[in-house]
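Here's the structure we're looking at; comments come further down.
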Amino acid sequence: MRKAKKSRQPKTLTILCWVFLLLLLASIAYVVYEAMQIGIFTPTQLLIAGGILTLLGVLFACLLLKRFYHTWAKVLVMVLSLALTVICMYGGYYIDQTNALFSLVVTNPESGQNSEDTQVLSSADVLGQMAMTVTTYAMHASGIAKPSDLNGTVVGTMMSSDEKGTTGAINQLHDAGAQFETREYPSSFSLVDALYAGEVNAIILPEQFHDELLENANDFNKYNALTTFTNNVDQYIYYEPIPEEMRNPADAVPDITKDPFTILISGADSYGNINSATRSDVNMLVTVNPVTHEVLMTSLPRDSYMEFSCKKNINACYNISGQQDKLTHSGFYGVGTTESTLEDFLGIEINYTVQVNFSSLINIVDAIGGIDVEVEPGLEVDTFYANGTEGVHAGTNHLEGERALAFARERHAYLSGDNQRIINQQIVLKALLKKMLSPSMVINYPNFIRALSTAFATNMPTKQIKELIGLELAGFPSWNIQNFAVSGDSDMLYCPSLNATASVIICNSLQVDQASSLIQDVLEGKPIDVANPSVEPNTHRNSSNSSHRSGSNGSEDTDTNQTYPDPYQEPSYYDPNFYDPGYVDPSYTNPGVNDSTWSDPGLSDPGIADPGTTDPGYQEPANPVAPEPELPSFPMDTPDLPFDEQ
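Under my numbering, the residues of the sequence shown are numbered 1272 to 1917, in order.
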């Protein structure tokens, strides 16, 4: 009996060793295959990595098949081989998810998909589909945080407005084990009202209707605070063809690893779908020369007044083409209008576009588990103006997505306004990079990839994105990154998008020429110095775009020693999209406050003469003048005045 038992133990270990060996070899083959498929690694890198993994596989094969005198030695080798197997499997999985991301942000599958699944088609190479998001929201106080919490509840829907997206969201919740009753509402307003009033436990909101909530928000309905008051229980993503008027094909360079190019980063002031036609509040041009490793980031004020161009797609803005308006309003007519307007204004060619919005930052920060930011004493904020969320205190603050967005957008709480807002944005960006490089990303990486899949959209082909990443991985070149900002003077001018006058910025003519020259220098491979930029006439710039001027006094501004020009300070205005709990109507009078300027109409004013009394010092004129006869009145036709002249 004992001899038989001893003979079976080595046999069992031998079988386990063969199983572990096969798993190890399969995992090595998997990670090598995925590394080859993603197309961002050089042949040399693949050869080195594959060689190392092959040697490890051979080594563990020898050890696993070797007969050890002690059983514990064999077990130790098995544990080490299992650890290497897990590493290879996770590595292959992460590479596969990253490969899927490239297709998600450039071109998407024709069928709907679960937001938890990033397996997509990767063969298409043209922009033709846009992601549509449907979100399930529940109030924080309800305790509903995941689909299974919806069992036995009532969920509000607006099926009549988006049947495809709502049906997909409901089916996805059912697949997750949630069983609930649905209640239909006719609009996004009644849907959110029902959630706030407690008529339903949760709502399913197609995100393309989120903007209309913001546009109609006030201190009473608090539509702008939906994401602040609620949990994001679930998200469903499906894809629709981009409307013809919104299509914006890239003007791609032949070889992105050798040819210089310019990217437009357009940041929309909206939630939900990135491709929505809304204001373009961030307009940054990134010019890259992959040979000289020069990178120039050029920023223009959102309210820059310039002539709109529709050459990218005349159907998008034919009714406003050739008219002057604020740059931010170009987003109403699609990113192609913003692109062609800036091309004509600066006399350059923009090759690619990248679109982001508010949801981008929220989703990314939440996906990585929040960020930590340092706030200096004196810069504390009790409540953020943007969405009424909790502010920040001096020291370290852990921010989730909503508070990170509010922190990056806050300006009303600071004396320096936009200057501090830009500093806050830099703090958030650094905190994001720090968190993404931390060990916690090993756990959060799949969530991070899913967040990125709907965080931005670009018309850069997948192949060129991979080639650009491969250029970085091939040698990790040292990039010379410089910034230049165009500024200007405030004015009140007519904006056809609003059919009204509005505050605008007249860009400084010299700085516009400097920006154009700097971009051209990068494209031509010349070294640049934003502190002392050279200015050469740009014959490609639209000469009719004369809305920029030299300076506030009309003379040329010759002070070019600005490495980081002071950012434009936007004039104060009331934005109905944001909730301000501290706002007080200036016409309101507090009866409990003693105001020396206030007069009680029941008191006697010594300066008022009672018409019923007789003034002893008054003498009536001897010959009173007869009143003039009243002239007959005739109706007169007066021409309608423009809005800004009434």
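Every residue gets a Cβ at the ideal spot worked out from N, C-alpha and C, and that includes glycine.
- DSSP places Asp1552 within a strand segment (E or B) once states are collapsed to three.
- Cβ-Cβ separation between Val1557 and Ile1536: approximately 6 angstroms, consistent with a contact (criterion under 8 angstroms).
- Asn1751 places its beta carbon 8 angstroms or farther from that of His1600.
- DSSP, reduced to helix, strand and coil, places Val1562 outside both helices and strands of the structure shown, so it counts as coil.
- Taking C-beta atoms as the reference points, Thr1528 and Ala1539 fail to come closer than 8 angstroms.
- If you draw a straight line from the Cα of Val1504 to the Cα of Leu1295, it is about 38 angstroms long.
- Annotation note: the segment 1588 to 1645 contains the following uninterrupted beta strand (DSSP E) runs of length 3 or greater, listed N- to C-terminal: 1595 to 1597, 1623 to 1627.
- For the pair Phe1755 and Val1793, the CB atoms are not nearer than the 8 angstroms cut-off.
- Excluding sequence positions up to five before and after Cys1766, its CB lies within less than 8 angstroms of the CB of Asp1596, Lys1597, His1600, Thr1772, Ala1773, Val1775, all in the same chain and listed in chain order.
- The way I'd put it, the segment 1576 to 1587 does touch the segment 1608 to 1615; three or more beta-carbon pairs between them come closer than 8 angstroms.
- Residue Arg1680 holds the alpha-carbon nearest to the alpha-carbon of Gly1659 among Ile1534, Pro1514, Tyr1456, Arg1680.
- With 16 or more other CB atoms across the displayed protein chains lying within 10 angstroms of its CB, Cys1778 is buried.
- In terms of Cβ geometry, Ile1358 and Ala1306 do not form a close pair [threshold 8 angstroms].
- As computed with DSSP, Thr1654 is found in a beta bridge with Glu1661.
- Taking a contact to require three or more Cβ pairs closer than 8 angstroms, the segment 1441 to 1455 and the segment 1414 to 1430 qualify as touching.
- Boundaries of the alpha helix (DSSP H) harbouring Asp1792: 1780 to 1794, taken from the DSSP string.
- DSSP lists no beta-bridge partner residue for Asp1522.
- If you ignore the 5 residues before and after Val1524, its C-beta comes within less than 7 angstroms of the C-beta of Asp1530, Phe1532, Asn1622, all in its own chain and listed in chain order.
- Counted as a single uninterrupted DSSP element, the beta strand (DSSP E) harbouring Arg1454 occupies residues 1452 to 1455.
- One alpha carbon belongs to Gly1322, the other to Gly1310, and they sit about 18 angstroms apart.
- Boundaries of the beta strand (DSSP E) around Asn1503: 1501 to 1512.
- With contacts defined by Cβ atoms closer than 8 angstroms, Thr1437 and Ile1475 form a contacting pair.
- Of the residues assessed, Arg1692 falls on the buried side of the cut-off, its CB having 16 or more other CB atoms within 10 angstroms.
- In this model, Gln1626 and Leu1293 are separated by some 45 angstroms (Cα to Cα).
- For the options Gly1666, His1669, Asn1634, Leu1650, the alpha carbon positioned closest to that of Ala1684 is the one of Leu1650.
- Membership of Cys1581 in any beta strand (DSSP E) is not indicated, and neither H nor E is assigned to it by DSSP.
- Around the beta carbon of Tyr1589, fewer than 16 other beta carbons sit within 10 angstroms, so the residue counts as exposed.
- In summary, Lys1706 is buried, with 16 or more beta-carbon neighbours lying within 10 Å of its beta-carbon over all protein chains present.
- The C-beta distance from Ile1591 to Tyr1604 rounds to 7 angstroms, short enough to meet the 8 angstroms contact threshold.
- In the displayed model, Met1360 falls within a helix according to three-state DSSP.
- Three or more Cβ pairs closer than 8 angstroms define a contact, and the segment 1463 to 1472 meets that threshold against the segment 1490 to 1503.
- When the five nearest sequence neighbours on each side are left out, the beta carbons in the same chain lying within less than 8 angstroms of the beta carbon of Gly1640 are those of Lys1706, Ser1711, Asn1715, in order along the chain.
- Under the DSSP assignment, Phe1727 falls in the beta strand (DSSP E) whose first and last residues are 1727 to 1729.
- Counted as a single uninterrupted DSSP element, the stretch harbouring Gln1479 is not any beta strand (DSSP E), since DSSP gives it neither H nor E.
- By the Cβ neighbour-count rule, Ile1642 is buried, with 16 or more other Cβ atoms within 10 Å of its own.
- For Cys1766, the pairing in a beta bridge is given by DSSP as Ala1771.
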